[in-house]
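For reference, the structure is listed below as structure tokens.
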Amino acid sequence: MINQITKSHQANLETEFQSSPPKSYWFQQLDLAEIARQYSTPLYITNRAQILSNLQAFKNILGENKYIYFPVKVNPCLATFKILAEQGCGADCASSREIQLARLAGIPTSQLSYYSPAPDLSLAVTLLQDGGNVIIDSISKVTALEAQLGNIPFSGKLFLRVNPPLYNSYGAKADYQKHTSHGSLTSQFGLPTEEVLPFLNATKLPFSGLHVHVGTQMDNVEVFQESLDVLHELCDTIHALTHHIITDLNLGGGLGIPTQEEDQFPSITELGDALKSKFRPEFTYKMEPGNALFGNATALLTRVVTRKSTRGKGWAIVDVGSDQLLKVTLAGFAQEIFRADGTVLPKSGLDSVAGPLCFAGDVLLPETDLRGVKEGDLLLLPNNGAYCRSIGNHFNGYSEPATLIVDDSQEIGLAYTSEDPYWEPTIQSFQPYYREESDLFPKTFSDQQVENIRSVYLNKQCGKDTYSFHDFTRVAKGHYEMSIEVDSPVAFISLPTVIRIISDAAVAVTIDNLGLAEKNISVWGSRSTVSLNSILRSKRRHRLSLYLTPMMNSSNSKKQRAYRLTGN
């Protein structure tokens, strides 16, 4: 934790920002040079106070945080996700992995909402039976779901996603809209409203909710008002002509945020004023804000690595690009870039800012004036809390940046280190189908030669390591805390012993989670990944936290059930 990395520099900042644009931004209060010195670049910086401010604005619309479902796909960062979980929010999930993240963040099943255009029906059944929310929009999948559920009642809620023919859409045209018009008449999402009545009359499954999502980065409130009117009219017709009782209306998300000074977008408060006057007391309203909740709460700090000129065109090559900012380089979202002094790079000129990747499309700012920008300078890219990390990639071997959290008192703490390359799926999942033979320097070792180079501790002493659990506590469902004390012939806890300890603790929490008082069944693991960031000393106590996900189908066999466990 580094305190006062911002406010202690307030006097200097007031001088620095005399040339800043009239609008004030939270990141202008940060000492970016000090942050870069401490944590390097590229670096995500997330403002907790901004998230909570946005959340309060949506709470003012819906009344309670439990009706706000954050789409995990927007920003699957567990550290920031937990901020919303602590405030009582729900989660909009599209896969089992997103559900696991939501559960790890502390969100209960009753506040999980699952929708996928290619749904996992086993997952949907489990969620419905456990009290979760499932959104579906395919006639064939509803038929299959009906067959799996049979006549078994479920405590969860089933929503039908609809696709109404809306008159309103985007007010201003932009290139990215071909990727974000999720509510268009011919999109792959939602059941056309003209098909809803015959569909509901044909199914025995009890639907209790309707869902609509107009798109992403919407720039007006009229489209939300119209979609709400359509849902109300549809509910009245459903109640009159079918046996279904609709109680919940999910308005989805889609409210956009300005990404450059000239952009005009309604505020969350203006959206609320437009919707609340239309709310009816017999319905519970829910929303799934993404960009509007997280977008302006995160900025990406980068550094100019190379300055060059190509036939008179100036280039600034920075250390982050399409590996995190595909929405800018390929989807066409506008991106403002700030200098460290708080001023904005112009959006016209003969120069460009590009990322570090090996393809010509990795351009963050196509036209600008780079006079005064030199190698080593810091630049800041705001409004990158949504759809950056989640669609990040490892092109050219680049990994995900670290994440810094700034709280409302301007104290800073590192929430995520930069991505560990040994955790990459391409490495973990590699299974060579042949062994490469080599005739270079063949050597057969004698037993004595092997004895001379192997570890005495691992060979002869590791088995003497002993450990004990203390203060073993179930904090919440699936969450366990304990202390570990290790006695070893060496002064540190070896990796094999760490694996033994974690495996033993995993067995214990699994047995307890199954409701058993003693271990009388077999428990085994299929994969383990352990990363030690520092030396752990023996003969002293260390804290261990374990988080167990809900039971799911095993990746090795559909007939087996398994847990996924995370510890730190």
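According to the working numbering, the sequence shown is numbered sequentially starting from 10. Built from N, CA and C at the ideal position, the CB exists for glycine as well. If you're wondering where the values come from, they're calculated on a predicted model, not measured in any experiment.
Judged by DSSP in its simplified three-state form, Asn142 adopts strand. Take Asn405, set aside five residues on each side of it, and the residues of its chain with a beta-carbon closer than 8 Å to its own are Asp332, Pro365, Leu366, Cys367, in chain order. Following the DSSP letters along the chain, one finds Glu490 inside the beta strand (DSSP E) bounded by residues 488 to 496. Taking the Cα of Gly281 as reference, the smallest distance to any Cα among Leu71, Asn210, Pro505, Ala340 is reached at Leu71. Annotation for Leu200: Asp146, Val171 place their beta carbon closer than 6 Å to its own, counting only its chain and skipping 5 residues before and after. By alpha-carbon distance to Arg380, the top candidate from Leu413, Val415, Ala325, Glu409 is Ala325. In its chain, beyond the 5 residues on either side, Val516, Thr519 have a beta carbon closer than 6 Å to the beta carbon of Val532.
Contact between Leu136 and Leu154 is ruled out by a C-beta separation of about 11 Å, above the 8 Å threshold.
Taking all protein chains in view, the Cβ of Arg549 is surrounded by fewer than 16 other Cβ atoms within 10 Å, so the residue is classified as exposed.
Fully contained in the region 339 to 389 are the following beta strand (DSSP E) runs of length 3 or more, in chain order: 360 to 363, 372 to 377. Rounded to whole angstroms, Ala58 and Glu43 show a C-alpha spacing of 21 Å. For the pair Ala127 and Ala111, the CB atoms are not nearer than the 7 Å cut-off. Distance from Asn142 to Gly165 at the Cβ level is roughly 6 Å; contact confirmed, criterion being Cβ atoms closer than 8 Å.
As computed with DSSP, Ser122 is found in a beta bridge with Asp101, Asn142.
Annotated three-state conformation of Lys166 is strand, per DSSP. Setting aside the 5 residues that flank it on each side, Gln138 is surrounded in the same chain by Ile161, Phe163, Ser164, Gly165, each with a C-beta closer than 8 Å to its C-beta; the list follows chain order.
Burial is judged here by how many other beta carbons sit within 10 angstroms of a residue's own beta carbon; Glu297 has at least 16 and is buried. According to DSSP, residue pairing for Ala325 in a beta bridge involves Arg316, Val362.
In the DSSP assignment, Ala156 falls within the alpha helix (DSSP H) that extends over 148 to 158. The C-alpha of Pro174 lies about 10 Å from the C-alpha of Glu235. With contacts defined by Cβ atoms closer than 7 Å, Asn392 and Asn305 form a contacting pair.
For Leu309, the three-state secondary structure derived from DSSP is strand. Residue state for Leu541 is assigned as coil, using DSSP reduced to three classes. For Leu264, the closest of Asp257, Gln273, Thr256, Leu258 by C-alpha to C-alpha distance is Gln273. In the three-state DSSP reduction, Ile414 falls in the strand class (E or B).
Pro207 counts as exposed, since fewer than 16 other beta carbons sit within 10 angstroms of its beta carbon. Scanning its chain for C-beta atoms nearer than 6 Å, with the 5 sequence neighbours on each side dropped, one finds around Phe478 the residues Met491, in chain order. In the structure shown, Asp40 falls within a coil segment according to DSSP collapsed to helix, strand and coil. Nearest in C-alpha terms to Ile277, of all of Gln269, Gln47, Ser33, Asp228, is Asp228.
Under the criterion of beta carbons closer than 8 Å, Pro51 and Leu309 qualify as touching, at roughly 6 Å.
In this chain, Asn229 is not harboured by any beta strand (DSSP E), its DSSP state being neither H nor E.
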